[in-house]
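In the numbering used here, the protein residues as written are 466 to 821.
For every residue, glycine included, the Cβ atom is placed at its ideal position computed from N, Cα and C.
Right, one structure below, let's go through it.
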Amino acid sequence: MAKATKDADLTVAENSRPDFAQEDPDVLRHYYYQMVLLRRFEERAGEMYTKAKIGGYCHLNLGEEATIVGLMAALQPQDYIYTNYREHGYIIARGIEPGPVMAELFGRETGVAGGRGGSMHLFDAKAKFMGGYAIVGGQIPLAVGAAYALKYKGLPGVVLCQMGDGSTNIGAWYESLNLAKLFQLPIIFFIVNNGYGMGTTVEMASSEPDLYKKGCAFRIHGEQVDGTDVMAVREAMRRLRERAEKEHEPAIMDVVSFRFRGHSVIDSDHYRPQDDVRKQRSSNDPIPHFAEQLINANVIDETFVKEIATRVEHEVQESIDFADRSPTPKIEDIYKYMYATPVPNTPGFDNPEMKR
């Protein structure tokens, strides 16, 4: 019989009032640099998509830079990361160079998944970035399995399962919550709540619009935090990560954010009142907000802001140039990465290994 535990704790985190005097100024400057890098990378990725250099679908993190940088600042190298299809910024903030990421978007051999994954399936096992998943919520049961493996093997670290608000309505989400709590697994469900599942509002899709409360039936702790506040996200994730690793207590983090564009590059975004979108972009842009905080704290100045913009422009252009000159996968390598035990690549489908 499962051990009875207390009811779930629920918290709405206040916006951060960081004491920058207690922070390493170089770390704060790096946060700002990362946020600007992610913004420009995604802007140029959208541009490359319209030029047909990126195929398939392409979902951008524009407007979610503070969410991503704050999260990654709290994670440790031993932690495993599972994400949905809106993951470009996450893998870059994890430390992967923009060049191989852009090359993957272009479908090139030098990409992080050898050009086989594309925009929605970025992957780097060495960084414990276990891939983006195109199916809504497809990563959730896998992340729970990884958390079970960590506990079973007695390994350090936690599993971070990033997901969108829409995936909190699928059946596998609730099954995963049940197992995470039942087995006391070191996992954090990180909901990037941008208010829309494609074109449907959270309120129209979920009978409980406060997503951090959705773990109550499983007695799972939930917190809601402002996703435009990089320091608030970092501090909340640090608390939940420490709790998950030391006490093996799963948690839900509902990160309220705003995406600047439609669901994907080809989404016209007609379902959102455009006056509201413009207002949100002007008043809740996390990058100038953080820059203002840092300037007021004498951590950076306007010259630094301009230098970062120039540096990032150069780095993102380099990533595009790298992707452009990288080769596409060869047809004779069609079976490469497909099987745990490599098989010979032969023309057609007459490979005897495939007929067993």
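Gly629: member of the beta strand (DSSP E) spanning 624-629, first to last residue. The alpha carbon of Phe787 has as its nearest neighbour, out of Tyr547, Gly520, Met567, Gly554, the alpha carbon of Met567. According to DSSP, Ala716 shares a beta bridge with Ile653, His686.
In this structure, the straight-line span from the alpha carbon of Asp766 to that of His686 is close to 40 Å. Annotation: Leu527 to Leu642 spans about 29 Å, alpha carbon to alpha carbon. Gln627 is a Cβ neighbour of Asn549, given a cutoff of 8 Å. Per DSSP, reduced to three states, the secondary structure at Tyr736 is coil, with no helix or strand assignment. Around the beta carbon of Gly520, fewer than 16 other beta carbons lie within 10 angstroms, which makes this residue exposed. Below 8 Å, enough C-beta pairs join the stretch 652-670 and the stretch 715-735 to call them touching: three or more.
Under the 8 Å Cβ criterion, the stretch 501-519 counts as touching the stretch 565-584, having at least three qualifying pairs. For Ala612, the CB contacts under 6 Å within the same chain, skipping 5 residues up- and downstream, are Val624, Leu650, Pro651, Ile652 in chain order. Cβ neighbours of Leu615 within its own chain (closer than 7 Å, five residues either side excluded): Gly622, Val624, Pro651. Along the stretch 547-603, the alpha helix (DSSP H) occurs as fully enclosed runs of 4 or more residues at 553-558, 563-570, listed in sequence order.
A direct Cα-Cα distance of roughly 28 Å separates Arg494 from Phe654.
It is roughly 12 Å from the alpha-carbon of Lys591 to the alpha-carbon of Ile556.
Beta-bridge partners of Asn658 (DSSP): Val721. Here Tyr514 is not bridged, per DSSP, to any residue.
Distance from the CA atom of Asp589 to the CA atom of Gly596, rounded to whole angstroms, is 7 Å. Within the same chain, and ignoring the five residues on either side of Leu705 in sequence, the residues whose Cβ sits closer than 8 Å to its Cβ are Ile653, His686, Glu688, Ala716, Met718.
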